[in-house]
Amino acid sequence: FLKNQSNKDAISFIWHVTNPEQVRHIRIQPVRGKIQPRQSLPIKVTFMAMEAPAFQDIDLVCEIYNETTLNQYNIDLKKWE
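Heads up, the final residue of the sequence shown is numbered 82 in the working numbering, and it's a clean run with no missing numbers.
In structure tokens:
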């Protein structure tokens, strides 16, 4: 589960596999989304064997953005332009 601990701000998230060659070994669902305050979302991570048994060192990054802050930034940016 990915949980938004904020009492007032929604968050958005996106998952990345840092090494493009390792994308074929892993599936993340959902790969991106939005979570409202105090809500959680189940995240399914599936590892797939494509060849002989081997150890895999896979780096996963989950970028999380505060939607309230991001929206305010975009408003301020438009005013500045």
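For every residue, glycine included, the Cβ atom is placed at its ideal position computed from N, Cα and C.
Put simply, of GLN40, ILE59 and SER41 the residue whose alpha carbon is nearest the alpha carbon of THR47 is ILE59. With respect to PHE14, LYS45 sits apart: the two C-beta atoms are not nearer than 9 Å.
ARG28 carries a strand assignment under DSSP once its states are collapsed to helix, strand and coil.
GLU82 sits in coil when the DSSP states are folded into three classes, being neither helix nor strand.
Residue pairing by DSSP places LYS45 opposite GLN30 in a beta bridge.
Using a Cβ distance threshold of 9 Å, LEU3 and LEU42 count as a contacting pair.
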